[in-house]
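Protein chains: 2
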Amino acid sequence: MEPDIASLAAMIADPSRAKMLTALLSGKALTATELALEADITAQTASNHLAKLLEKELLVVRKQGRHKYFQLAGEHIARLLENLMVLNHNITSIKTGPNDPSLKVSRVCYDHMAGEIAVALYAALLKQEIIIDKVDHCTLSPAGERFFITLGADFTTIKATTRPVCRPCLDWSERRSHLAGTLGQWILNDALHKGWAERDLVTRAIHFSPRGKRAFFNCYAIV
Amino acid sequence: MEPDIASLAAMIADPSRAKMLTALLSGKALTATELALEADITAQTASNHLAKLLEKELLVVRKQGRHKYFQLAGEHIARLLENLMVLNHNITSIKTGPNDPSLKVSRVCYDHMAGEIAVALYAALLKQEIIIDKVDHCTLSPAGERFFITLGADFTTIKATTRPVCRPCLDWSERRSHLAGTLGQWILNDALHKGWAERDLVTRAIHFSPRGKRAFFNCYAIV
DNA sequence: CCGATGCTTCGATGAGCAACGAAGTATACT
DNA sequence: AGTATACTTCGTTGCTCATCGAAGCATCGG
Chain A
0 MEPDIASLAA
10 MIADPSRAKM
20 LTALLSGKAL
30 TATELALEAD
40 ITAQTASNHL
50 AKLLEKELLV
60 VRKQGRHKYF
70 QLAGEHIARL
80 LENLMVLNHN
90 ITSIKTGPND
100 PSLKVSRVCY
110 DHMAGEIAVA
120 LYAALLKQEI
130 IIDKVDHCTL
140 SPAGERFFIT
150 LGADFTTIKA
160 TTRPVCRPCL
170 DWSERRSHLA
180 GTLGQWILND
190 ALHKGWAERD
200 LVTRAIHFSP
210 RGKRAFFNCY
220 AIV
Chain B
0 MEPDIASLAA
10 MIADPSRAKM
20 LTALLSGKAL
30 TATELALEAD
40 ITAQTASNHL
50 AKLLEKELLV
60 VRKQGRHKYF
70 QLAGEHIARL
80 LENLMVLNHN
90 ITSIKTGPND
100 PSLKVSRVCY
110 DHMAGEIAVA
120 LYAALLKQEI
130 IIDKVDHCTL
140 SPAGERFFIT
150 LGADFTTIKA
160 TTRPVCRPCL
170 DWSERRSHLA
180 GTLGQWILND
190 ALHKGWAERD
200 LVTRAIHFSP
210 RGKRAFFNCY
220 AIV
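As you go down the protein sequences, you meet chains A and B in turn. Its first residue numbered 0, the first sequence is counted upward by one per residue in numbering that gives the first Met the number 0. Its first residue numbered 0, the second sequence is counted upward by one per residue in numbering that gives the first Met the number 0.
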């Protein structure tokens, strides 16, 4: 028979679990109590939910002393969640984008950047033909690879995984593509590493310093 | 705040609704009673579910006399459902593929082909460089377009929509890509039109005649 | 060791909601 | 018109499951 999509969807259908999952979209590993706080429930119920999410393999866990660090089981789960956001966003809301303005400008999407700046970056990379776009996918051009090497990117590690290097990821606030994949990951890490931006300690927001933003825009020729 | 993915997921989380939705993955428009039968529930409860699915815009409806024909609201919904299938499939079952052997061989996925044959077709198109694959996307090569024109394809209509012409769609039984998009749609319609295959009247299965299968394999050089 | 912290198990409570029977509305067939 | 068919509305029932309090286990810090 057809596979059982209901039980998987049910994992996301509970509001508390949904809150936990979206919190984990930050890519950070969070402890059980942090997730309980995030979802506004007690530790007991959170424990219950987390057990279910583990059983269905939406999450993985790493035990460290008396803490348990939970993470999304992989990019595929993150993609599913973002997919749901895009669909639901298109459906329910007139007002576009998140209410929190800093989330709208720049935020983390699993392990890469999303939001206005990320969408502008994607457009800039396209314009310079660093990446080549084909409706719903993209590739890195040879010139693009050279460009990133001059920035200090190490393509032996970027290409080491089975994950694609470039992947367009639909931005639920902008409804346009931004860059995911290992290269998207590298760009975020690089910007953080160079001190151009910092991750918010509680939300998914990414805060650029004024200088950092100028440097970032200059580096990638974002207009 | 973050968008509300829970309520959308809840639509799919109910087993009866999930059955209806998977039935509609056939791409066919089904009436309320047909869907009630499919989900093994009475007409009243089905009516209830369908109202919810309409409200959340997972379905669209066309009224025709005393019948109401329901369809998926678009390819985006179909993709979401197939995504869920892939994930759930990878997670829960050891045995790969559907139990029904004819579904495993060939079935409809919204408006294109899926299953063993469709996966073999995708591989054959790749090998002949009719389509160019890049991990998670693909494009039609110029030679490929000429090839399909000799088969009688009309690219003015194929390219008329905003939908991509080629799109890889992960096959939940084979765990490999098959071809979606308007070209995937054309291939299915063409095969049906030429009498190589017929759609099952009740399930999503596609039945190739022995001659039809030979002709299909020969046409696309499937090995 | 002992208290504090993080997480889990158990049992009870309660709310949400899927399900259906019964009755109502709309359309079609003759 | 009159009956059958398709779908909807209403009210009731009953089950599932999220929630939390209480108590338990594990780990850390002194």
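Glycine included, each C-beta is placed from N, C-alpha and C at the ideal position. Since the model is a prediction, treat every value here as computed from it, not as a measurement.
If we count the other Cβ atoms within 10 Å of its Cβ and call it buried at 16 or more, is A/His66 buried or exposed?
Here A/His66 is exposed. Its C-beta has fewer than 16 other C-beta atoms within 10 Å.
Given a threshold of 16 other Cβ atoms within 10 Å of its Cβ, counted over all protein chains shown, does A/Ser208 qualify as buried or as exposed?
Of the other Cβ atoms in all chains shown, fewer than 16 fall within 10 Å of the Cβ of A/Ser208; this residue is therefore exposed.
With C-beta atoms as the reference, is B/Thr30 less than 8 Å away from B/Ala42?
No, the Cβ-Cβ distance between B/Thr30 and B/Ala42 is not below 8 Å.
Beta-carbon gap between B/Leu150 and B/Asp189 smaller than 8 Å:
Yes.
Within the continuous beta strand (DSSP E) that includes B/Leu53, where are the two ends?
Looking at the DSSP string, B/Leu53 is not in any beta strand (DSSP E); the run it does join, the alpha helix (DSSP H), is 42–54.
Listed by chain order, chain A residues near B/Ala220 by CB distance under 8 Å
By Cβ distance, chain A contributes nothing, its closest Cβ being about 24 Å from B/Ala220, past 8 Å.
Compute the beta-carbon to beta-carbon distance between B/Gly180 and B/Arg162, rounded to the nearest angstrom, for a pair I have assumed lies under 8 Å.
Between B/Arg162 and B/Gly180 the Cβ distance is about 6 Å, and since that is below 8 Å, they are a contact.
To the nearest whole angstrom, what separates the beta carbons of A/Gly194 and A/Tyr109, a pair I think is in contact under 8 Å?
Not really, about 22 Å apart at Cβ, beyond 8 Å.
Kindly indicate if chain B contains any beta-carbon less than 8 Å away from that of A/Asn82.
Under the Cβ criterion of 8 Å, A/Asn82 is counted among the residues facing chain B.
Does any residue of chain B have a CB that is nearer than 8 Å to the CB of A/Ala12?
At least one chain B Cβ lies under 8 Å of A/Ala12.
Can you tell me which of the three DSSP states A/Asp110 falls into?
Under the three-state reduction of DSSP output, A/Asp110 falls in the coil class, being neither helix nor strand.
Cβ of A/Ile4 within 8 Å of any chain B Cβ
Yes, its Cβ sits closer than 8 Å to a Cβ of chain B.
Please work out which residues of its chain come closer than 6 Å, Cβ to Cβ, to A/Cys168, disregarding the five sequence neighbours upstream and downstream, and give them in chain order.
Contacts found: His177, Ala179.
Give a yes or no on whether 8 Å exceeds the smallest Cβ distance from B/Ala9 to chain A.
Yes, B/Ala9 lies at the interface with chain A (some Cβ there is under 8 Å from its Cβ).
What would DSSP say about A/Cys165, mapped onto helix, strand or coil?
In this structure, DSSP gives A/Cys165 a state outside helix and strand, which the three-state scheme calls coil.
Under 8 Å, do A/Leu124 and A/Ile130 count as touching if we go by C-beta distance?
With contacts defined as CB atoms closer than 8 Å, A/Leu124 and A/Ile130 qualify as a contacting pair.
Per DSSP, cross-strand counterpart(s) of A/Phe69
Paired residue(s): A/Leu29, A/Val60.
Could you tell me the distance, in whole angstroms, from the CA atom of A/Ser105 to the CA atom of A/Thr160?
Going by the C-alpha atoms only, they are around 26 Å apart.
Can you tell me the Cα-Cα spacing of A/Thr21 and A/Gln70, whole angstroms?
A direct Cα-to-Cα measurement between A/Thr21 and A/Gln70 gives close to 11 Å.
If we count the other Cβ atoms within 10 Å of its Cβ and call it buried at 16 or more, is A/Asn87 buried or exposed?
With 16 or more other CB atoms across the displayed protein chains lying within 10 angstroms of its CB, A/Asn87 is buried.
Judging by CA-CA distance, which residue of A/Leu52, A/His75, A/Glu128, A/Ser172 is the nearest neighbour of A/Lys103?
Proximity to A/Lys103 across A/Leu52, A/His75, A/Glu128, A/Ser172 peaks at A/Ser172, based on C-alpha coordinates.
What are the start and end residues of the alpha helix (DSSP H) that includes A/Asp3?
Note, A/Asp3: premise wrong, no alpha helix (DSSP H); not H, not E.
Supposed contact pair A/Asn82 and B/Leu57 - C-beta distance, whole angstroms, cut 8 Å
The distance from the Cβ of B/Leu57 to that of A/Asn82 is about 13 Å, inconsistent with a contact at the 8 Å cut-off.
What residue from B/Gln63, B/Arg166, B/Leu53 has the CA that sits closest to B/Arg223's CA?
With chain B covering 0 to 222 only, the question about residue 223 of chain B has no answer from this structure.
Shorter than 7 Å, the distance from the beta carbon of B/Arg106 to the closest heavy atom of the ligand GDP, or not?
For the ligand GDP, the structure offers nothing, since it holds no ligand at all.
CA-to-CA distance, B/Asp39 to A/Phe154, given in whole angstroms:
B/Asp39 has its alpha-carbon roughly 54 Å from the corresponding atom of A/Phe154.
Coarse secondary structure for B/Ala123, derived from DSSP in three states
B/Ala123: helix per DSSP, three-state reduction.
Could you give the first and the last residue of the continuous alpha helix (DSSP H) run that contains A/Ile148?
Residues 141–149.
Could you check where the beta strand (DSSP E) with B/Ala152 kicks off and where it finishes?
Taken as a continuous stretch (DSSP letters only), B/Ala152 belongs to no beta strand (DSSP E), as it is neither H nor E.
Give the residues from the stretch 159–171 of chain B that approach chain A closer than 7 Å (Cβ to any Cβ), ordered along the chain.
Within the stretch 159–171 of chain B, those residues whose Cβ lies closer than 7 Å to any Cβ of chain A are, in chain order, Pro163, Arg166, Trp171.
Taking just the CA atoms, how far does B/Leu49 sit from A/Ala77?
Their Cα atoms are separated by approximately 29 Å.
On the three-state DSSP scale, how would you describe B/Glu173?
In this structure, B/Glu173 counts as coil in the three-state DSSP scheme.
Reducing DSSP to helix, strand and coil, say where A/Leu102 ends up.
If DSSP states are grouped into helix, strand and coil, A/Leu102 belongs with the helices.
Taking 8 Å as the cut-off, decide whether the C-beta atoms of B/Ala5 and A/Asp199 are in contact.
No, these two residues do not count as a Cβ contact at 8 Å.
Select from B/Glu74, B/Ala196, B/Leu7 the residue whose C-alpha is nearest the C-alpha of B/Ser101.
Nearest in C-alpha terms to B/Ser101, of all of B/Glu74, B/Ala196, B/Leu7, is B/Ala196.
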